[in-house]
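Enquirer: One structure, pasted below without further comment.
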Amino acid sequence: MKLLNRLRKRDINLEIPLGKDGEEVNYYEFADKALNGFESPKLQKRCFQTSK
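Each residue of the sequence shown is one higher than the last, beginning at 8 in this note's numbering.
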């Protein structure tokens, strides 16, 4: 976020999820940052499994 703020000084960047329901959500962080997000680890595992 620091780099984004430095490169795009006129933007307003919010580190919050937005949605229509107003419900609380969990954010999951992993060593591999590409996997970070609001999807549960179980769902991510199923999505990234390779089919045999």
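Even for Gly, the Cβ is constructed at its ideal location relative to N, Cα and C. What you are looking at is a predicted structure, and each value in this text was computed from that prediction instead of being measured.
For the alpha helix (DSSP H) containing N12, name the first residue and the last one.
Expert: Taking the first residue of the sequence shown as 1, we reach residue 12 at position 5. Per DSSP, N12 belongs to the alpha helix (DSSP H) from K9 to L14.
Enquirer: Between K49, M8 and D39, which has its C-alpha nearest I23's C-alpha?
Expert: Here residue 23 refers to the residue found at position 16 when the sequence shown is read from its first residue. Checking every option, the nearest Cα to that of I23 belongs to M8.
Enquirer: Leaving aside the five residues before and after Y34 along the sequence, list all residues of the same chain whose C-beta is less than 8 Å from its C-beta, in chain order.
Expert: Sequence index remark: in the sequence shown, residue 34 carries index 27 (1-based). The beta carbon of Y34 is closer than 8 Å to those of P24, N43, G44 and F45 in its chain, skipping five residues each way along the sequence.
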